[in-house]
Amino acid sequence: MRTILILIKKEFLQVFRNPLLLSILIVAPMVQFMIFPFCADYEIKVLDIAFIDHDRSNISQEIIHSFDASDIFVTHGILSNKKEANEMMKHDKVDIIVEFPAHFERLLMNGSPTRIAITANAINTTKAGIGVGYTQEIIGGYMQEYMAQNMHYSGNEIPANLNLSHIYWYNEQMNYKNLIVPGILVILVTLIGCYVTALNLVREKEIGTIEQVNVTPIRRWQFLLGKMIPFWILGMAEFILGLVIMKLVFGITVQGSIPMLLGITAIYLFVMLGLGFFISSVSENQLQAMFIVLFLFIIFVLLSGLFTPTEGMPKWAHYINYLNPMSFYMEVIKKVVLKGSAFISVQKETLVLVGMAIIVNTGAILSYQEKSK
Amino acid sequence: MNSIEVDHLTKKFGDFTAVNEISFQVKEGEIFGFLGANGAGKTTAIKMMSGLLQPTSGTAIVAGYDVVTQPKLIKRNIGYMSQRFSLYNDLTVFENMQLFGTIYKIPRKELKKRIMDSLAALDMTKQANLLVHSIPLGWKQKLAFATAILHKPKIVFLDEPTSGVDPIVRREFWNLIYETASTGVTILVTTHYMDEAEYCHRISIMADGNIRLLGTPEELKQQVGVNTINDVFVEYVKH
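Protein chains in written order, with the numbering used here: chain A, 1 to 373; chain B, 1001 to 1239.
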């Protein structure tokens, strides 16, 4: 016990004497926290739109004017032909082009089939998708109103699919910060757990201090615990700091139980610590460790459902995700922070994380022992 | 009484034989010099004797314990100072000694007394609270030695303890070695400085994983028919 305590003391002394490490631990992640949510934002604030009007009727003109009233759309006038429109889209001047066919109004009045072509620049698929949705909504809204007023149609005869409305559950304002900010918490905890610890142990290997420790009668588990506990404490402190910033800056409060959230985070941290030590025992130097962590980290993040919903991923990605601790933890964070779920709905994820913690740490101890033979 | 008994000790890394069936004994309180060119297998041999590395074959009994089956007990009874300086640069002198002393389970009060005594002996009492990276290399080496013997080991392994330090500190360092040996501690030391080899009670010269020569400095000089250990070394490593 005294051995582990002195090791913990040693680690803390070293952390607090290393200004670079301290800033990596505290300042850098916090800055990331402040900047990232504002950049990695799927919310569409501005859409550039232009029109091609082959009809030049009342209806087409009124529809075009109805876009002026919108806060999101910036209208770029009526273009004379498709070529001009294509040029504008090519140079990123417009995101959406709406084209009215000839005799649009007449066909509409006759009840003949006609259609408005909406073209979107799909380089940014999210923007295109949302842009088309908004465009349809405005046109649909106008059509509904027009038909109701001018043609004395009864409400039932308006095609239901013109009425486009969306409800986004758990994130009602379509505010992506609500998703991104808890996601950053996950990234922070992962970085401390895996990256910092892996580098720390490999560094001792590089400068040779580990040899001096290895030649003492210290036991492997004592040494590993003496390394893990300090970084575990730092990780938890970082997480709590993250929760405070989340509340103060973004106004996001944890909907579920905070002690439960801390408990599951503690388990997740042990998974990441074990992984960090495993990586450090298979790498020769800090550079190698860094590459391995980076490689895993990118896969973890991309599969975790932070940037893209996991539901849209192919089957094989789902199978890989069963090995991805971050995706289970992300699920817990989403459920507990945003939905306020009780333990019963995160118990599967928690059990998986416990299992992973046991496997990864056993692996870390075994691989570390092997090296000293 | 022998404190180290090495019998046909061998270490292979794949096809490469780093240490090839070496055998020798070291008596209690003896200063035993381990000489050899770079890559001769000295460090590998020391790592096996100190329980850091498993031998491929052969046995070694160190402080009465078998290196293969009782490495934990060996570690408790030896001190080790590696080629590279391996105390923590970002801890103070006192913190380093406290860390290693605690790992060896020296009781708290006793440990504090031993640290203060050994710092006083090194004339480093004033430096106790300085960070290690701020003190000169020669002092660091003396500090590393003091740390390695804090738990009163029966045997101390010193792997090139004086490389890169000035002649005065080297002299002081050897005085420390003599003082320690005089209390009955066995010293096994590797070095590249042939004048230092002359200070050893007995020396062995290794080349390509084998021990080529073994005896007192005087014996070796007579055997080879030269006047200095330096000449003995050059003569033997050449072959």
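Quick reminder that beta carbons are idealized off the backbone N, C-alpha and C, glycines included.
Query: Which same chain residues end up closer than 6 Å to S1050 (chain B) when comparing Cβ atoms and leaving out the 5 residues on each side of it in sequence?; Result: I1078, Y1080 and F1157
Query: Closer than 6 Å by C-beta to L13 (chain A): which residues in its own chain qualify, once you throw out the five before and the five after it? Chain order, please.; Result: none
Query: To the nearest angstrom, how far is it from the Cα of E1235 (chain B) to the Cα of V202 (chain A)?; Result: 41 Å
Query: For the ligand MN, any of its heavy atoms closer than 7 Å to the Cβ of I1061 (chain B)?; Result: Absent from the structure shown: the ligand MN. Ligands present: none.
Query: Counting only beta-carbon separations shorter than 8 Å, does E13 (chain A) have a partner in chain B?; Result: Per the sequence shown, residue 13 (chain A) should be read as Leu rather than Glu. So, interface residue.
Query: Exposed or buried, E1219 (chain B), counting other C-beta atoms within 10 Å across all chains shown (16 or more means buried)?; Result: exposed
Query: Suppose you measure from the CA of I379 (chain A) to the CA of F1145 (chain B); what does that come to, to the nearest Å?; Result: The displayed coordinates of chain A run from 1 to 373. Any statement about residue 379 (chain A) would go beyond what the structure contains.
Query: I need the DSSP call for K1012 (chain B), collapsed to helix, strand or coil.; Result: strand
Query: Using 8 Å as the cut-off, can you tell me whether the region 233-241 of chain A makes contact with the region 179-189 of chain A, which would need three or more C-beta pairs spanning the two stretches below that distance?; Result: yes
Query: Name, going along the chain, the residues of the region 190-214 of chain A whose beta-carbon falls closer than 7 Å to a beta-carbon of chain B.; Result: G208, T209, E211, Q212 and N214
Query: Short check: CB of L353 (chain A) to CB of Y329 (chain A), under 8 Å?; Result: yes
Query: Name, going along the chain, the residues of the region 214-230 of chain A whose beta-carbon falls closer than 7 Å to a beta-carbon of chain B.; Result: N214, V215, T216, P217 and I218
Query: Using beta-carbon positions only, say whether L273 (chain A) and M228 (chain A) come within less than 8 Å of one another.; Result: yes
Query: So which residues on chain A does F1016 (chain B) lean against when the C-beta distance must stay under 8 Å?; Result: None at all; the shortest Cβ gap to chain A is about 17 Å.
Query: Evaluate contact between the region 1028-1039 of chain B and the region 1174-1192 of chain B, counting only Cβ atoms and requiring at least three cross-stretch pairs below 8 Å.; Result: yes
Query: Over the uninterrupted alpha helix (DSSP H) stretch that includes V1189 (chain B), give me the two end residues.; Result: No alpha helix (DSSP H) contains V1189 (chain B), which is instead part of the beta strand (DSSP E) from T1186 to T1190.
Query: Taking G1014 (chain B) as the reference, which of B:L1052, B:K1047 and B:T1056 has the closest Cα?; Result: B:T1056
Query: Looking at chain B, which residues of the region 14-38 of chain A have a Cβ within less than 8 Å of any of its Cβ atoms?; Result: Q14, R17 and N18
Query: Whole angstroms is fine: what's the gap from P1107 (chain B)'s alpha carbon to I210 (chain A)'s?; Result: 23 Å
Query: Looking only at its own chain, which residues have a Cβ that is under 8 Å from the Cβ of D1208 (chain B), when we skip the five neighbours before and after it?; Result: N1020, A1040 and G1041
Query: From A139 (chain A) to F67 (chain A), what does the alpha carbon distance come to, in whole angstroms?; Result: For the sequence presented, residue 139 (chain A) should be read as Ile rather than Ala. Using only the alpha carbons, I get a separation of about 9 Å.
Query: Which residue from B:I1211, B:R1212 and B:A1181 puts its Cα closest to that of A1200 (chain B)?; Result: The sequence shown places Cys at residue 1200 (chain B), rather than the Ala named in the question. Out of B:I1211, B:R1212 and B:A1181, B:A1181 has the C-alpha closest to the C-alpha of C1200 (chain B).
Query: Relative to chain A, which residues along the region 1161-1180 of chain B have a C-beta separation below 7 Å, given in chain order?; Result: none
Query: Would the region 1117-1126 of chain B count as touching the region 1062-1071 of chain B if we require 3 or more Cβ pairs under 8 Å?; Result: no
Query: Distance check for H1151 (chain B) and M1194 (chain B), CA to CA, integer angstroms please.; Result: 30 Å
Query: Going by DSSP, what residue range makes up the beta strand (DSSP E) through M1124 (chain B)?; Result: Taken as a continuous stretch (DSSP letters only), M1124 (chain B) belongs to no beta strand (DSSP E), as it is neither H nor E.
Query: Of the choices A:I358, A:M89 and A:N58, whose alpha-carbon is the least far from that of F100 (chain A)?; Result: A:N58
Query: Excluding sequence positions up to five away, which residues of its chain have a Cβ less than 7 Å from the Cβ of F73 (chain A)?; Result: L47, I49 and F67
Query: Chain A partners of I1095 (chain B), CB-CB under 9 Å?; Result: A small fix is needed here, since residue 1095 (chain B) is Glu in this sequence, not Ile. Ordered by position in chain A, the residues that pass the 9 Å Cβ test against E1095 (chain B) are K9, K10 and L13.
Query: Just to confirm, are I218 (chain A) and I1103 (chain B) a CB contact at a threshold of 8 Å?; Result: yes
Query: Just the chain B side, please: which residues come within less than 7 Å of I4 (chain A) by C-beta, in chain order?; Result: By Cβ distance, chain B contributes nothing, its closest Cβ being about 10 Å from I4 (chain A), past 7 Å.
Query: How would you list, in chain order, the residues of chain A whose beta-carbon sits under 7 Å from the beta-carbon of L1099 (chain B)?; Result: I6 and K10
Query: Considering only C-alpha positions, which residue in the set A:E62, A:E84, A:N214 and A:F51 is nearest to G141 (chain A)?; Result: A:E62
Query: In terms of residues, what are the limits of the beta strand (DSSP E) holding F1032 (chain B)?; Result: I1031 to G1036
Query: Here's a check: name, in chain order, each residue in its chain whose Cβ is nearer than 6 Å to the Cβ of K1075 (chain B), leaving out the five neighbours to either side.; Result: G1051
Query: If you count every other CB in all the chains shown that lies within 10 Å of the CB of F104 (chain A), and 16 or more means buried, which is it?; Result: buried
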